[in-house]
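**Q**
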Amino acid sequence: MLDNVTINQLRAFVAVCDQGSFSGAARKLGRAQSAISHAIKALESAFDVELFERNTRKAQLTAAGRSLLPDARAVISRTEEMKNRAGSIAKAGVPQVSVAVDAYFPRTHLIDCLRTLQQESPTAAINLRITTMQGGENLVLERVCALAVTVENVPEVNPDAMERRWLCEAEMVTVCAPSYPLVSAPKPIPVDEFGRHVQIVVTDNQPEAEKTQQGVAGKRLWLVNDLGAKRDLLKAGLGWGHLPRHLIGEDLASGELVELERRAWHLGPLTFVISQRRGYDLSPCESRLLELLGKPQCTPAAPRFR
1 MLDNVTINQL
11 RAFVAVCDQG
21 SFSGAARKLG
31 RAQSAISHAI
41 KALESAFDVE
51 LFERNTRKAQ
61 LTAAGRSLLP
71 DARAVISRTE
81 EMKNRAGSIA
91 KAGVPQVSVA
101 VDAYFPRTHL
111 IDCLRTLQQE
121 SPTAAINLRI
131 TTMQGGENLV
141 LERVCALAVT
151 VENVPEVNPD
161 AMERRWLCEA
171 EMVTVCAPSY
181 PLVSAPKPIP
191 VDEFGRHVQI
201 VVTDNQPEAE
211 KTQQGVAGKR
221 LWLVNDLGAK
231 RDLLKAGLGW
241 GHLPRHLIGE
251 DLASGELVEL
261 ERRAWHLGPL
271 TFVISQRRGY
281 DLSPCESRLL
291 ELLGKPQCTP
301 AAPRFR
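Residue numbers (the UniProt record's numbering): 1 to 306.
What follows is the structure, encoded as structure tokens:
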């Protein structure tokens, strides 16, 4: 007889208990009261026990009903869990990966990682946003992206809602065009001398974003919100600045940019972290992308100058 028990009968049983009446259960489930009564009678017949006292106006459980109620709740809970899991499995045919990546992150490495992910998961849909400063974490908080590759020393947007974990590092170098006055300055160059010249700094479009800048030597700043624009301005001889070595390797080799040796000014590697909402569970596809992004290819050799 137990084979005839249905999930709808169990839902009716739990609803009557929760609402305290057959009419309340009917309203909660959007069914006729007669349908609720029929479901309870069918359940009692299947169990061969009475679930409710018949001599009271209020729906009052019998001893058997009180004993079986936790089991009914557990079955309903497991059924909902199974439905949710089935929904996730159904969606897995088109994995979604939405990630914001800071503009300083090695672009060639990023492309290699995405190419590998595409080969392993051909149906994956990628939503990629290139951001600067706090832009990536803002997109995560707005649920536009699930993950953000962020520079570690950029202040967190909302530490209570976000969590970070280490990903990889990239070497930073200080450069300018060969025609810029700093090239002829005595080496190594002190911070004060850097501060007398125009420094080109990448910022974002957030209010007071310049307060979050790192590695700034003075007050003579040109702010740009695009890493490519900064590189072009440096190559044009309009100032000096810090750039990731992976971005300007060809410029250094061709002489379009010159690396400057700093004195008593340590410029450590650029550390990247993964930002995500607290408690967010990564999908298999997202976990694989993070595994690829954190591979050693992202970590270059140590800087030559300190």
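Glycine is no exception: its CB is placed at the ideal position from the N, C-alpha and C atoms.
Closest by CA to ALA170, which one among GLN33, LYS83 and ILE248?
**A** For the purposes of this step, residue 170 is taken as the residue at position 170 of the sequence shown. Measuring from the Cα of ALA170, the nearest candidate turns out to be ILE248.
**Q** Which residues in the same chain as ALA25 place their Cβ atom closer than 7 Å to its Cβ, once the five residues preceding and following it in sequence are excluded?
**A** In the sequence shown, counting from the first residue as 1, residue 25 sits at position 25. Correct list, in chain order: ALA12, ALA15, VAL16, GLN19 and ILE36.
**Q** Residues in the same chain with beta-carbon distance under 6 Å from ALA148, minus the five sequence neighbours each way, listed in chain order, please.
**A** Taking the first residue of the sequence shown as position 1, residue 148 is located at position 148. If we look at ALA148 and ignore the five residues flanking it on each side, its Cβ neighbours are ALA100, GLY136, GLU137, VAL140 and SER275.
**Q** Could you check the C-alpha separation between ARG165 and ARG278 for me, to the nearest Å?
**A** For the purposes of this step, residue 165 is taken as the residue at position 165 of the sequence shown. For the purposes of this step, residue 278 is taken as the residue at position 278 of the sequence shown. Looking at the two C-alpha atoms, the distance is approximately 11 Å.
**Q** Report the partner residues of ARG158 according to the DSSP bridge assignment.
**A** Taking the first residue of the sequence shown as 1, we reach residue 158 at position 158. Here residue 158 is Asn; the residue named in the question, Arg, does not match the sequence. ASN158 pairs with nothing; no bridge assigned.
**Q** I'd like to know if the region 222-237 and the region 145-164 are in contact, where contact means that at least 3 CB-CB pairs between them fall below 8 Å.
**A** No: fewer than three Cβ pairs fall under 8 Å.
**Q** List the endpoints of the continuous beta strand (DSSP E) containing HIS197.
**A** One-based indexing of the sequence shown puts residue 197 at position 197. No beta strand (DSSP E) holds HIS197; DSSP gives it neither H nor E.
**Q** From ASN55 to ALA74, what does the alpha carbon distance come to, in whole angstroms?
**A** Working through the sequence shown from its first residue, we reach residue 55 at position 55. Working through the sequence shown from its first residue, we reach residue 74 at position 74. Roughly 28 Å between the two C-alpha positions.
**Q** In whole angstroms, what is the alpha-carbon distance linking ILE40 and LEU51?
**A** If you number the sequence shown from 1, residue 40 lands on position 40. If you number the sequence shown from 1, residue 51 lands on position 51. Cα-Cα distance, rounded: 8 Å.
**Q** Measure the CB-CB distance between GLN199 and GLY239 and report whether it falls below 7 Å.
**A** Stepping through the sequence shown from its first residue, residue 199 is reached at position 199. Stepping through the sequence shown from its first residue, residue 239 is reached at position 239. Yes; because the gap between Cβ atoms is below 7 Å, this pair is in contact.
**Q** In whole angstroms, what is the alpha-carbon distance linking GLU193 and ALA103?
**A** Working through the sequence shown from its first residue, we reach residue 193 at position 193. Working through the sequence shown from its first residue, we reach residue 103 at position 103. In a straight line, the C-alpha of GLU193 is about 28 Å away from that of ALA103.
**Q** Which residues in the same chain as GLN60 place their Cβ atom closer than 6 Å to its Cβ, once the five residues preceding and following it in sequence are excluded?
**A** The sequence position of residue 60 within the sequence shown is 60, counting from 1. The answer, listed in chain order, is GLU53.
**Q** For PRO178, which three-state DSSP category applies?
**A** Against the sequence shown, residue 178 aligns to sequence position 178. Coil at PRO178, not helix or strand.
**Q** Do the CB positions of VAL258 and PRO178 come within less than 7 Å of each other?
**A** As a first step, residue 258 must be located in the sequence shown, where it is residue number 258. As a first step, residue 178 must be located in the sequence shown, where it is residue number 178. Yes, the pair counts as a contact, with Cβ atoms nearer than the cut-off.
**Q** Cα-Cα, which of ALA146, LEU234 and THR150 is closest to TYR180?
**A** Taking the first residue of the sequence shown as 1, we reach residue 180 at position 180. Closest by alpha carbon: LEU234.
**Q** Tell me whether ILE7 is buried or exposed, calling it buried when 16 or more other Cβ atoms sit within 10 Å of its Cβ.
**A** Residue mapping note: residue 7 aligns to position 7 of the sequence shown, counting from 1. The residue is exposed, with fewer than 16 neighbouring Cβ atoms inside 10 Å.
**Q** What are the boundary residues of the alpha helix (DSSP H) that GLN119 is part of?
**A** Within the sequence shown, residue 119 is the residue found at index 119, counting from 1. GLN119 -> alpha helix (DSSP H) spans 107-120.
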